[in-house]
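Undergrad: Have a look at the structure that comes next, please.
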Amino acid sequence: MEIVTKNTIRRYTDGNFIETEDIIAEEFPLTIYLNDVEFATLVCSPDDLEELVIGFLASEGALRSFKEIESLNIDERGGFCHVKVSRELPKDYGTFSKRVLGSCCGKSRQFYFQADVDTAKFSLSETKLTPEQCISLMKEMQEKSTIFKDTGGIHNASIASPDGTIVHKGDIGRHNALDKLYGHCLQNNISVKDKVIVFSGRISSEVLTKASKIGVGIVLSKSAPTDLAIKLAHDLNITAAGFIRGSSFNIYSHPWRIIGADELDTE
Numbered sequence: 000m001e002i003v004t005k006n007t008i009r010r011y012t013d014g015n016f017i018e019t020e021d022i023i024a025e026e027f028p029l030t031i032y033l034n035d036v037e038f039a040t041l042v043c044s045p046d047d048l049e050e051l052v053i054g055f056l057a058s059e060g061a062l063r064s065f066k067e068i069e070s071l072n073i074d075e076r077g078g079f080c081h082v083k084v085s086r087e088l089p090k091d092y093g094t095f096s097k098r099v100l101g102s103c104c105g106k107s108r109q110f111y112f113q114a115d116v117d118t119a120k121f122s123l124s125e126t127k128l129t130p131e132q133c134i135s136l137m138k139e140m141q142e143k144s145t146i147f148k149d150t151g152g153i154h155n156a157s158i159a160s161p162d163g164t165i166v167h168k169g170d171i172g173r174h175n176a177l178d179k180l181y182g183h184c185l186q187n188n189i190s191v192k193d194k195v196i197v198f199s200g201r202i203s204s205e206v207l208t209k210a211s212k213i214g215v216g217i218v219l220s221k222s223a224p225t226d227l228a229i230k231l232a233h234d235l236n237i238t239a240a241g242f243i244r245g246s247s248f249n250i251y252s253h254p255w256r257i258i259g260a261d262e263l264d265t266e
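In numbering that gives the first Met the number 0, the protein residues as written are 0 to 266.
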């Protein structure tokens, strides 16, 4: 499916209106049926849909491994995806999106949704980056963000090793971009515990929680975090770095994974 379309628009520039063509990001609703029961509707970019569904189901706790999938069929024309899994789902699996107040790792921080309480993981990653690698990985992610350059309407994310990008995904929804990464790693049996997420958008609590479910120990963003995201990052042992722009960035949690950050010159 096409993920962009062209529209005739009127642009105001230098005191005048002109008629021109603009490239617009496509928006596509995909309804997921899990074991013949409607589970969720995702509004997404219409590419890498299989990876999106797999990553979404895994992050919601409805799927524990890729091997549990017996069949996955996508009807692109109708906007439906039917998934059969081998595991017996609990009768209350529809409460995965129910808002709850649950403690994080036995501490005082709180999740919003039941699935997050059940599936968020404390990171055991020992991966470290130099400051130069942080900046290089962000630059590489942005260079690969070609659809964003055309439309301005796409979030981008990458799974990377300290040496470079392994897989890059984009979507109109920032959470969808992360789910596509997760689905790709599950499909291709890519271990993520020693990997890094490089992200174009704000590090919200939801984004940080998804990163913990994927299993990485470092999240790099060109934007800002929220206060709850920082609290969760501390509790989940994840290094969050933001505002990676040019030759500078901020570290908000667990700076020990960024080489040299614990050796401040205080003179």
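Cβ atoms here follow ideal geometry from the backbone N, Cα and C, with glycine treated the same way.
Between the Cα of residue 45 and the Cα atoms of 176, 235 and 124, which residue gives the shortest distance?
TA: If you number the sequence shown from 1, residue 45 lands on position 46. Out of 176, 235 and 124, 176 has the C-alpha closest to the C-alpha of residue 45.
Undergrad: Can you say whether residue 50 is buried or exposed, counting buried as having 16 or more other CB atoms within 10 angstroms of its CB?
TA: By 1-based counting over the sequence shown, the position of residue 50 is 51. Per the 10 Å Cβ criterion, buried.
Undergrad: Reducing DSSP to helix, strand and coil, say where residue 14 ends up.
TA: By one-based count along the sequence shown, residue 14 stands at place 15. In the structure shown, residue 14 sits in coil (DSSP, three-state: anything other than H, G, I, E or B).
Undergrad: According to DSSP, simplified to helix, strand and coil, what is residue 209?
TA: Looking up residue 209 in the sequence shown gives position 210. Reduced to three states, the DSSP call for residue 209 is helix.
Undergrad: Taking the beta strand (DSSP E) that residue 27 belongs to, which residues open and close that run?
TA: For this step, residue 27 is matched to residue 28 along the sequence shown. Per DSSP, residue 27 belongs to the beta strand (DSSP E) from 27 to 33.
Undergrad: Output needed for residue 22: all residues of its chain with C-beta closer than 7 angstroms, excluding positions within five of it in sequence on either side, in chain order.
TA: To locate residue 22, count along the sequence shown from 1; it is residue 23. Excluding sequence neighbours, residue 22 sits near 3, 5, 149 and 150.
Undergrad: Going by DSSP in three states, residue 175 sits in which element: helix, strand or coil?
TA: Taking the sequence shown and counting its residues from 1, the one referred to as residue 175 is at position 176. Helix, per DSSP.
Undergrad: Would you call the region 237 to 246 and the region 193 to 212 in contact, with 3 or more CB pairs under 8 angstroms?
TA: Because the criterion of three Cβ pairs below 8 angstroms is met, the region 237 to 246 and the region 193 to 212 touch.
Undergrad: Run through DSSP, which three-state label would residue 62 get?
TA: Position 63 of the sequence shown, counted from the first residue, corresponds to residue 62. Of the three classes helix, strand and coil, the one that applies to residue 62 here is coil, per DSSP.
Undergrad: Relative to the C-alpha of residue 126, which candidate in 247, 262, 190 and 170 has its C-alpha closest?
TA: Your numbering for residue 126 matches position 127 in the sequence shown. Checked all of 247, 262, 190 and 170; the closest Cα to residue 126 is 190.
Undergrad: Do you know offhand how far residue 34's Cα is from residue 180's?
TA: If you number the sequence shown from 1, residue 34 lands on position 35. If you number the sequence shown from 1, residue 180 lands on position 181. Each residue's Cα considered, the two are about 24 angstroms apart.
Undergrad: Can you list, in chain order, the residues of its chain whose CB lies under 6 angstroms from that of residue 228, leaving out five sequence neighbours each side?
TA: Here residue 228 refers to the residue found at position 229 when the sequence shown is read from its first residue. 202, 203, 204 and 207.
Undergrad: Write down the C-beta distance between residue 246 and residue 134 rounded to the nearest angstrom, noting that I regard them as a contact closer than 8 angstroms.
TA: Taking the first residue of the sequence shown as position 1, residue 246 is located at position 247. Taking the first residue of the sequence shown as position 1, residue 134 is located at position 135. That pair is a contact at about 6 angstroms.
Undergrad: Taking residue 158 and residue 196 to be in contact with their CB atoms under 8 angstroms, please state how far apart those CB atoms are, rounded to whole angstroms.
TA: Within the sequence shown, numbered from 1, the residue matching residue 158 stands at position 159. Within the sequence shown, numbered from 1, the residue matching residue 196 stands at position 197. So it is a contact: roughly 6 angstroms between Cβ atoms.
Undergrad: Rounded to whole angstroms, what's the CA-CA distance from residue 258 to residue 222? Just pull it up for me.
TA: Position 259 of the sequence shown, counted from the first residue, corresponds to residue 258. Position 223 of the sequence shown, counted from the first residue, corresponds to residue 222. Straight-line Cα distance between these residues: approximately 21 angstroms.
Undergrad: Indicate the three-state DSSP secondary structure (helix, strand or coil) for residue 52 in the structure shown.
TA: In the sequence shown, the residue the question calls residue 52 occupies position 53. Three-state result, residue 52: helix.
Undergrad: Do residue 29 and residue 40 have their C-beta atoms closer together than 8 angstroms?
TA: In the sequence shown, residue 29 corresponds to position 30, counting from 1. In the sequence shown, residue 40 corresponds to position 41, counting from 1. Going by C-beta atoms, residue 29 is nearer than 8 angstroms to residue 40.
Undergrad: Can you list the beta strand (DSSP E) stretches of 3 or more residues lying completely in the region 139 to 198, in chain order?
TA: Segments of the beta strand (DSSP E) lying fully in the region 139 to 198: 154 to 160, 163 to 170 and 195 to 198.
Undergrad: Counting contacts by CB-CB distance shorter than 8 angstroms, is residue 234 in contact with chain D?
TA: Given the protein chain composition of this structure (a single chain), no chain D is represented.
Undergrad: Whose C-alpha, out of 144, 174, 75 and 213, is nearest the C-alpha of residue 194?
TA: In the sequence shown, residue 194 corresponds to position 195, counting from 1. The residue with the shortest Cα to Cα distance from residue 194 is 213.
Undergrad: Hey, would you say residue 156 sits closer than 8 angstroms to residue 198, going by beta carbons?
TA: For this step, residue 156 is matched to residue 157 along the sequence shown. For this step, residue 198 is matched to residue 199 along the sequence shown. The answer is yes: Cβ separation under 8 angstroms.
Undergrad: My parser needs the beta strand (DSSP E) runs of 3 or more residues fully inside the region 64 to 89; what are they?
TA: For the region 64 to 89, whole beta strand (DSSP E) runs of length 3 or above, ordered along the chain, are 68 to 74 and 79 to 84.
Undergrad: Here's a check: name, in chain order, each residue in its chain whose Cβ is nearer than 6 angstroms to the Cβ of residue 161, leaving out the five neighbours to either side.
TA: Translated into positions along the sequence shown, residue 161 becomes position 162. So the list reads 128 and 132, once near-sequence residues are dropped.
Undergrad: Counting only the same chain and skipping the five closest in sequence on each side, list residues whose C-beta sits under 8 angstroms from that of residue 186.
TA: Counting from one through the sequence shown, the residue named residue 186 turns up at place 187. Closer than 8 angstroms at Cβ, skipping near neighbours: 49, 50, 53 and 65.
Undergrad: Which same chain residues, not among the five before or five after residue 105, have their C-beta less than 8 angstroms away from its C-beta?
TA: For the purposes of this step, residue 105 is identified with residue 106 of the sequence shown, where counting begins at 1. A caution first: residue 105 carries a pLDDT of 40, below 50, which makes its placement in the model too unreliable to give a value.
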